[in-house]
Amino acid sequence: MPVTNRCQRCANPLVPSFPRRRESRLSPRSDGDENTCEVCLSYPPSYDTTIFAVDYTPPLDHLVLQLKFSARLPLAPWFAERLRDAILARPGLPLPDLLCPVPLGPARLVERGYNQALEIARPLSRLLGVALQPALALRQLDTRAQSGVTPHERAENIRGAFAIADPDLIEGRHVGLVDDVMTSGHTLEELAATCKRFGAARVSNLVFARTPPRA
C-alpha cells in the first residue's frame, strides 16, 4: 500500500518543513495548506486532487506494463477495483460527475489496438456509479511518448495535445481523469488545463499507480 502522507493535489510525499509565512500562502484550501506540498502551493496545478491506488514500484509496475504493452486486458478490472477502494477511502471527497479517460493519439491507438486508460475507466464507472464519457477528450496531436523524452521536455511535448469534443458536458462540472500511471504529471496537467479552459469546475486525477519522485 502507498504511504498516506501525500500532497492532496499531486500525490507526491509531503516532506517536513518549517512553518510557512502567512504572506507566502496562496488562497486558502478547504483541506488546509498542511495537506499541500510546497510545489503545488507555489505553482498550483490545474487539477484539484490526485487519487491513486498503488505506488509504481515492483512488482505492481510490471502489471501496469503488462496491461499497457502486452494486452493483458483482464488486469484492468482489478486495477479499477483497487482504484475504487482508494477513492472511497477519502471520506468527504466528492465523486466526479463524469469520468474521462486520458486519450491516446490516433497512431498509437491503431498500433496498440486499445487504450489502457479506457479499459480501466469502464469498470471504474460501473463500480462508482459515475457516467463514463469515453470520447470526451481528443488527442489532436500525435506527440512522442512521454517516457521517450527527458523530464525537462515533457511539458512542451504535450502542450496543446488535447481538445474537448463537447464542452457542454463539462461546463460547471467535476471531471475525473482516469489513467494507468502518473509520472511527471504533465499529461494530466495539460488535459486538466484543457478541461478548466472549457469550463470544468473541478478536475480530479484518478490513477492506478503513482511514480515516486526520484531521490
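Start counting the sequence shown at 1; every next residue gets the next number (the numbering used here).
Backbone N, C-alpha and C define an ideal beta-carbon position, used for all residues, glycine too.
Assuming residue i and residue j make a contact with CB atoms under 8 Å, what is their CB distance in whole Å?
{"i": "R159", "j": "E189", "result": "That belief does not hold up - the Cβ atoms of R159 and E189 are roughly 10 Å apart, past 8 Å."}
{"i": "E119", "j": "L73", "result": "6 Å"}
{"i": "D180", "j": "L67", "result": "7 Å"}
{"i": "A117", "j": "Q140", "result": "Wrong, their Cβ atoms sit about 17 Å apart, outside the cutoff."}
{"i": "L63", "j": "L75", "result": "6 Å"}
{"i": "V54", "j": "A209", "result": "5 Å"}
For residue i, which of the options has the nearest alpha-carbon?
{"i": "A121", "options": "R84, L138, G105 and A107", "result": "R84"}
{"i": "E111", "options": "Y47, N12 and F69", "result": "F69"}
{"i": "V178", "options": "V203, V207, G199 and R202", "result": "V207"}
{"i": "V175", "options": "T183, A161 and N205", "result": "N205"}
{"i": "A200", "options": "N115, R173, M182 and T211", "result": "R173"}
{"i": "V130", "options": "L65, A80, A192 and A161", "result": "A80"}
{"i": "A86", "options": "R126, F52, A163 and R9", "result": "F52"}
{"i": "M182", "options": "L93, T211, C100 and R197", "result": "T211"}
{"i": "Y43", "options": "R9, L65 and V54", "result": "R9"}
{"i": "P77", "options": "F198, L124 and A71", "result": "L124"}
{"i": "L127", "options": "Y114, G113, C100 and R82", "result": "R82"}
Please report the distance separating the alpha-carbon of residue i from that of residue j.
{"i": "C37", "j": "V102", "result": "25 Å"}
{"i": "N12", "j": "A165", "result": "31 Å"}
{"i": "V49", "j": "R108", "result": "This sequence places Thr at residue 49; Val is not what is there. Cα to Cα, T49 sits roughly 28 Å from R108."}
{"i": "A220", "j": "G105", "result": "The displayed coordinates of the chain run from 1 to 215. Any statement about residue 220 would go beyond what the structure contains."}
{"i": "Y47", "j": "G185", "result": "10 Å"}
{"i": "D33", "j": "L14", "result": "11 Å"}
{"i": "L41", "j": "N35", "result": "10 Å"}
{"i": "T194", "j": "P45", "result": "12 Å"}
{"i": "C7", "j": "P91", "result": "16 Å"}
{"i": "P96", "j": "V203", "result": "8 Å"}
{"i": "A192", "j": "A163", "result": "11 Å"}
{"i": "P167", "j": "N5", "result": "35 Å"}
{"i": "R197", "j": "L132", "result": "20 Å"}
{"i": "L65", "j": "E171", "result": "34 Å"}
{"i": "R21", "j": "P213", "result": "Note that R21 has pLDDT 43, beneath the 50 cutoff, so the model's placement of it is unreliable and no number is given."}
{"i": "G113", "j": "A71", "result": "9 Å"}
Give me the DSSP bridge partner(s) of residue i.
{"i": "P45", "result": "DSSP, once it has assigned bridges, lists no residue as partnering P45."}
{"i": "C100", "result": "L177"}
{"i": "P13", "result": "R6"}
{"i": "T57", "result": "Per DSSP, none; premise fails for T57."}
{"i": "A137", "result": "I164"}
{"i": "T211", "result": "Per DSSP, none; premise fails for T211."}
{"i": "F79", "result": "DSSP lists no partner for F79."}
When you compare the segment 131-141 with the segment 49-68, are there three or more beta-carbon pairs, one atom per stretch, that lie closer than 8 Å? No: the two stretches stay apart, fewer than three of their Cβ pairs being nearer than 8 Å.
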